[in-house]
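Report on one structure; see the data block that follows.
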C-alpha cells in the first residue's frame, strides 16, 4: 500500500474516524487492527504471518524474562538470545543473497567451478524497521530504561504501528510506547496541522520526487545516450529524488500520527544546509543514526575489545592518535551496518556506508590541516561564500556516494562515475546531440517546467524553515490566504502529481529496506 | 459547531474547484462528451457505433437537406457491447425519433478491443450508474485486465489528470470548444484509398461467436423491452471475409427479431459509392462517399420516420453555422465548392 495511494488515504481516513469514535480505552485496538491489515495488505500468506510471529512472540516473552532477570547474567543471556533470533530472521530474509554473492566472488577468485543460485524470499513490509525497533525494545528493558509490555497485543502494536512500517522513523518504546496505548481526544488544530504536513509530503513525493525519478531512470537506464553533464545532473537529481521521497513520506507519517495524537521523533532537519558530512548525518535519517549510536556505536566503543584496542593503540601511536583508532574502528563497523541495513548488496554498503565513513574520517583527519592552510592564505570561514562552498561540497560528496546507492551493481556505478568524468565539452555545443539527449531524458518541456518551479518552491520553503515553523506561520494567517495556499497545494498535487496509470505507480524508495 | 461549519465550507469550495478541474481534464473530447452539450430533447436522430458512424453520415448536410438534427454517440473502435449503455445514456437526455446503430464492429471479439477503444466510451461518459454498469460489463469479459487496474477505469481522472499538458498546448482542441460539424468527422477530405482488389459482398454466413451473439441478443432484448425505435446499419466499406459472413449472421438474427436492418453493401441505391474514389481507407468512406451515403440515408430516414424540420427555428441556428463551416473548410482543402459536388451527385 503506497503512502500516496488513494487506498492508503481511505485506509487512514477510516482508521482515524473509527479511532475517534470509539472510547479511549479501546483506541489502541483500532491501531493494532489497522496495523495488521496494513502489514498483510499485499502479502498475506502463511510465510509472512510466521515471519511476524517469529519476531513478536520471542520478543514479547524474552522482554518479560529480561525484566524478571534484570542485572543478572541470565538477563544478558536472554537479551543476546532475543537479539540473535531477530537478527537471524533479518539476515535470512534480507542478506542471504549478499552472502551467496560473496561466496560466488570467492569461488571465482579461486577458480572454483561452482556458483550459488540466488534465492528470492517473500519478506514482510518494514522488516528492517520492526526488527531494529524490537532489538531496541529488548535492550532498553535490559538497561532498565523501560518496562516490558505484559500484553502481547500491545507489544504487537508497538512492533507494527502502521504509519512507520514503510519508512520509519525509528521509535523507542520508552518515549512512544505509552502514547500508542493511551487514548486521544479529537483535536481540530492538531488535525489541521497534520493535514497540512500530509499535503506537503504528498507534494514532495508526487510532484517533485516522481518527476525527478523519470529523469534519473532515463539516464541510469540508458547511460550510453547521455554525456557527462546529463549524467552529473542525474546524480544530483537522484539525491533530490531520494530526499523528497523519503522526507515526503516522513511528512505523511508524522501528519497521520499528529492527527491521531501520537508524537513521533523527527527524522530530518534540513540536511542540505549541512556544512560537513558529519553534520549532514545528524540531520538526515536522524532516528537511524541515533539508533545505531545508542545500540551499536557506543556499546561497541565501550566494549572490552575496544578498550583493549584503545590501550594498545595508545601505547603504539601515542595518546592523541591512539585514542582515535578504536573510535574509527567502531565508526567503520557502524557505517558498514548502516550500509547493509539499506540493502543486501555491496552498492548499499559502499554508498550509504563505507564512503560516508571515509568522508567523516577525512573530515576529522584533514580538517585541522585545512584550517591551517585557510589561516595561512587568509581565507575566512565565517563568511557566506565559504559556508556556501561547504554546503555545496557536502551536497556533492553525498550525491557522489548516492551513485552507488542508486546503481543496481558496482559495475553500473563505476560506469556512471566514468561517464561523469568523461568530460567532452563539444557534446554541449552539438545541437543535434543535445536535442537527442533532451528528447531521451524522460521529461517533456511541461514536466521540466513543473519540476523547476516545484524545486524552487521547495528551496524557498527550506530557507524559510531555517528560521521559523512555516506551518505555524501559515496557520496564523487570515482564512482567505490560508485556504488559498491550501487549495493551491491540493490542486497542484491533483493536477501536476505523477500518479495513476499515466505514470508509473509511486514506490517509496526506502520501502524495501 | 463553528469548526464543523469551517470544515464543511472548505469541502464545498474544494468540491466546486474539483468539479471544474475534473471537467476540464477528464472528459475526452469525443462525440459522446459533446453529446451532453446539445440542448435537452433537441436531437431527432441519434447515431451510435464505431467511427463508421461519424465518418459516413454528414449530420449537418442532413440538417441542411431535411431540417432534422442528428447526434452521434460514436467513437473510434467502439466495442459493440457499449451500444446498449449508450442507448440508456441517450435516453436520459434526448428523445429521438430513431436510433441508428452501426453494426461494423458487431463481429469483433471483445478481447480484441484495446484500452483506447474502451476508454473512448467510458471516459467520455458522465459519472453514473450506467457508466459503472458499462465498465463492469466489459471488465467481466476481460480477464487480461489486471484487477488492480480496475480503479483506473472507474476513476479515469487518475489517468487523465496529466492532460494539463494538452491544455497548455494551443493546438489541442480541448473540451469546451464547439464540436466541428456537429460530430461529422470525415478524416482527410481529399484522401482516396486505392483498393488492392475488387470487392464483392459475400452472401455466405458464419455464426457469430457465442459472446457476440449474446451481446447482440441482449441489445435486441433491451430495444424491444423498452420500445426503442431503431435501425441497424452495416456500413459500406471493405470487410474481412469472415467478418462479412458473420455480419450476415448478425443481420439474420436482427431480422428474425423483427427489427430493421440495412446492409449498405447490398443496397442498390448505394452502388454509386465507388471504392476507387470514395474510400478514405480500408474501413472508412471518405467525404465523397459520405456525401453519397448521406444523400440517400438522410432521405430514407426522413421518409420513414416522420422527422421534424427545424430549419427556420432560431434555436437550431448552430446547425446552419456548422454546415457553413463545413462547406468553407471543404472549399479550402479541396478547392471545390461543396454545392457543386452535391449537385453533381444529386443529378446522377
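Protein chains in written order, with this note's numbering: chain A, 91 to 603; chain B, 84 to 431. Just so it is clear, CB atoms sit at the ideal spot from N, CA and C, and this is done for glycine as well.
According to DSSP, residues forming a beta bridge with residue i
i, result
"residue 374 (chain A)", "A:358"
"residue 183 (chain B)", "B:130 and B:314"
"residue 344 (chain B)", "B:315"
"residue 154 (chain B)", "B:129"
"residue 364 (chain B)", "B:367"
C-beta atoms of residue i and residue j nearer than 9 Å
i, j, result
"residue 510 (chain A)", "residue 318 (chain A)", "yes"
"residue 643 (chain A)", "residue 328 (chain A)", "For chain A, the structure presents residues 91 to 603; residue 643 (chain A) sits outside this window and is missing."
"residue 244 (chain A)", "residue 270 (chain A)", "yes"
"residue 247 (chain B)", "residue 348 (chain B)", "no"
"residue 368 (chain B)", "residue 189 (chain B)", "no"
"residue 176 (chain B)", "residue 155 (chain B)", "no"
"residue 424 (chain A)", "residue 390 (chain A)", "yes"
"residue 148 (chain B)", "residue 353 (chain B)", "no"
"residue 193 (chain B)", "residue 294 (chain B)", "yes"
"residue 265 (chain B)", "residue 405 (chain B)", "yes"
"residue 338 (chain A)", "residue 292 (chain A)", "yes"
"residue 218 (chain A)", "residue 263 (chain A)", "no"
"residue 176 (chain A)", "residue 202 (chain A)", "no"
"residue 247 (chain A)", "residue 143 (chain A)", "no"
"residue 284 (chain A)", "residue 242 (chain A)", "no"
"residue 302 (chain B)", "residue 150 (chain B)", "no"
"residue 315 (chain B)", "residue 181 (chain B)", "no"
"residue 367 (chain A)", "residue 446 (chain A)", "yes"
"residue 152 (chain A)", "residue 222 (chain A)", "no"
"residue 296 (chain A)", "residue 580 (chain A)", "no"
"residue 244 (chain B)", "residue 589 (chain A)", "yes"
"residue 137 (chain B)", "residue 268 (chain B)", "yes"
"residue 209 (chain A)", "residue 194 (chain A)", "no"
"residue 384 (chain B)", "residue 144 (chain B)", "no"
"residue 126 (chain B)", "residue 179 (chain B)", "yes"
"residue 231 (chain B)", "residue 291 (chain B)", "no"
Interface partners of residue i on chain B, CB under 9 Å
i, result
"residue 586 (chain A)", "244, 245 and 247"
Chain B contact residues for residue i, given Cβ-Cβ distances below 7 Å
i, result
"residue 103 (chain A)", "Those within 7 Å of residue 103 (chain A) in chain B number zero; the least Cβ separation is about 13 Å."
"residue 573 (chain A)", "93"
"residue 581 (chain A)", "100 and 104"
"residue 131 (chain A)", "Neighbours of residue 131 (chain A) on chain B: none; closest Cβ ~12 Å, over 7 Å."
"residue 479 (chain A)", "Going along chain B, no residue has its Cβ under 7 Å from residue 479 (chain A), so there is no contact; the nearest lies around 39 Å."
Among the options, nearest to residue i - alpha-carbon criterion
i, options, result
"residue 486 (chain A)", "A:541, A:363, A:234 and A:558", "A:363"
"residue 361 (chain A)", "A:282, A:480, A:108 and A:252", "A:480"
"residue 570 (chain A)", "B:92, B:337 and B:242", "B:92"
"residue 298 (chain B)", "B:388, B:211, B:160 and B:221", "B:221"
"residue 321 (chain B)", "B:282, B:355 and B:114", "B:282"
"residue 492 (chain A)", "A:444, A:463, A:523 and A:472", "A:444"
"residue 153 (chain B)", "B:361, B:115, B:165 and B:187", "B:115"
"residue 146 (chain B)", "B:371, B:395 and B:428", "B:395"
"residue 353 (chain A)", "A:441, A:103, A:442 and A:259", "A:259"
"residue 319 (chain B)", "B:105, B:124, B:173 and B:355", "B:355"
"residue 236 (chain A)", "A:345, A:251 and A:267", "A:267"
"residue 452 (chain A)", "A:427, A:474, A:436 and A:484", "A:484"
"residue 429 (chain B)", "B:376, B:336 and B:159", "B:376"
"residue 191 (chain A)", "A:515, A:435 and A:441", "A:435"
Residue i beta carbon near the ligand NAP (any heavy atom closer than 8 Å)
i, result
"residue 128 (chain B)", "The ligand NAP is absent from the structure shown, which contains no ligands of any kind."
Contacts that residue i makes with chain A (C-beta to C-beta distance below 9 Å)
i, result
"residue 230 (chain B)", "Within chain A, no residue comes near residue 230 (chain B); the closest Cβ sits about 13 Å away, beyond 9 Å."
Amino acids of chain B, ordered along the chain, whose beta-carbon sits closer than 8 Å to that of residue i
i, result
"residue 109 (chain A)", "Going along chain B, no residue has its Cβ under 8 Å from residue 109 (chain A), so there is no contact; the nearest lies around 17 Å."
"residue 577 (chain A)", "96, 97 and 100"
Where residue i meets chain A, residues with beta-carbon distance less than 8 Å
i, result
"residue 196 (chain B)", "The contacting residues do not exist; residue 196 (chain B) stays about 17 Å from chain A at best."
Interface partners of residue i on chain C, CB under 7 Å
i, result
"residue 278 (chain A)", "The structure shown contains no chain C; the protein chains it does contain are A and B."
Start-end ranges of the alpha helix (DSSP H) lying completely within the region 233–261 of chain A, minimum 4 residues:
242–250
Write down every uninterrupted run of the alpha helix (DSSP H) in the region 383–443 of chain A whose length is 4 residues or greater and which is fully enclosed by it, in chain order.
388–391, 394–407, 409–412, 414–432 and 436–439
Note down, one range per segment and in chain order, each alpha helix (DSSP H) of at least 4 residues found wholly within the region 534–576 of chain A.
535–555 and 560–566
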